[in-house]
Amino acid sequence: MPQQPGSPNFLERLAVLEDQVAQLRRSGWERDEVPFYPTSLSTLAYTDSTSFETAWETILTPRTATLSLGIVAIGDLVGSTYTGGLWQVRLAGTDIVMTGSVPATLSFQFGAAVLDLAPYRQLTQLKVEIQARRTSGATTGGKFGGGGSIGIAPRYARIL
Numbered sequence: 558m559p560q561q562p563g564s565p566n567f568l569e570r571l572a573v574l575e576d577q578v579a580q581l582r583r584s585g586w587e588r589d590e591v592p593f594y595p596t597s598l599s600t601l602a603y604t605d606s607t608s609f610e611t612a613w614e615t616i617l618t619p620r621t622a623t624l625s626l627g628i629v630a631i632g633d634l635v636g637s638t639y640t641g642g643l644w645q646v647r648l649a650g651t652d653i654v655m656t657g658s659v660p661a662t663l664s665f666q667f668g669a670a671v672l673d674l675a676p677y678r679q680l681t682q683l684k685v686e687i688q689a690r691r692t693s694g695a696t697t698g699g700k701f702g703g704g705g706s707i708g709i710a711p712r713y714a715r716i717l
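Residue 558 is where the sequence shown starts when you use our numbering, and the numbers rise one by one after that.
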């Protein structure tokens with residue numbers, strides 16, 4: 558006579574569910590990579606402006622609570638003068654949520670943060686801008702003729 562499998566009791570089903578949740582946590586949550594786009598040909602990676610200028614931007618729909626963002630920036634060398642500056646990340650056109658400096662040393666600077674998107678969840682389109690400006694260095698010459706430049710780019714951007 559064939560055996561009939563017994564119905565699992567509540568504790569067995571709970572143990573199976575707990576194991577499945579633990580596996581999901583160990584494997585990590587699925588992440589969406591966010592592309593950024595240069596704002597013009599002359600600011601593909603560099604800006605020589607003395608006021609903040611958007612070099613990279615994207616528009617996303619904030620479906621989740623956070624955006625993990627990494628930035629890399631570097632100054633310039635014009636003749637024997639090093640260029641330094643500042644960078645910032647702006648959300649929704651007004652909110653500055655991440656800032657950093659670029660010392661006049663011609664060395665890479667890295668910034669990273671997990672940005673809270675909860676205040677923007679009601680928006681269907683959220684603009685994210687990566688901006689930079691020159692604060693010191695040569696005032697003539699350089700990549701575009703306006704002095705030393707600040708090179709900046711996103712290293713990664715993931716919706717978590």
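For each residue, glycine too, the CB sits at the ideal point set by N, CA and C.
Residue i versus residue j: straight-line alpha-carbon distance, rounded
i, j, result
"residue 632", "residue 675", "33 angstroms"
"residue 678", "residue 698", "44 angstroms"
"residue 680", "residue 620", "9 angstroms"
"residue 643", "residue 665", "13 angstroms"
8 angstroms Cβ shell around residue i - same chain, five flanking residues per side excluded
i, result
"residue 592", "615 and 714"
"residue 613", "593, 594, 595, 596, 686, 687, 709, 710 and 711"
"residue 653", "645, 646 and 647"
"residue 663", "631, 632, 633, 634 and 639"
Helix, strand or coil at residue i [DSSP, three-state]
i, result
"residue 712", "strand"
"residue 571", "helix"
"residue 626", "strand"
"residue 589", "strand"
"residue 600", "Low confidence applies here, because residue 600 scores a pLDDT of 49, under 50, leaving its location unreliable; read the following figure in that light. Residue 600: helix per DSSP, three-state reduction."
Chain-order list of residues whose beta-carbon lies under 6 angstroms from that of residue i (same chain, five-residue window excluded)
i, result
"residue 723", "Nothing about residue 723 can be read from this structure; the chain reaches only from 558 to 717."
"residue 609", "688 and 690"
Closest residue to residue i among the options (Cα-Cα distance)
i, options, result
"residue 693", "641, 678 and 579", "641"
"residue 696", "638, 576 and 630", "638"
"residue 661", "630, 669, 655 and 611", "630"
Residues near residue i by beta carbon distance below 7 angstroms, same chain, minus five either side
i, result
"residue 603", "700, 706, 707 and 708"
"residue 650", "684"
"residue 600", "Low local confidence applies: a pLDDT of 49 at residue 600 is under 50, so the model's placement there is unreliable, with the coordinate-based value given in what follows. For residue 600, where only same-chain residues beyond five positions count, the Cβ hits under 7 angstroms are 610 and 612."
Span of the beta strand (DSSP E), counted from its first residue to its last, around residue i
i, result
"residue 684", "683-693"
"residue 656", "652-659"
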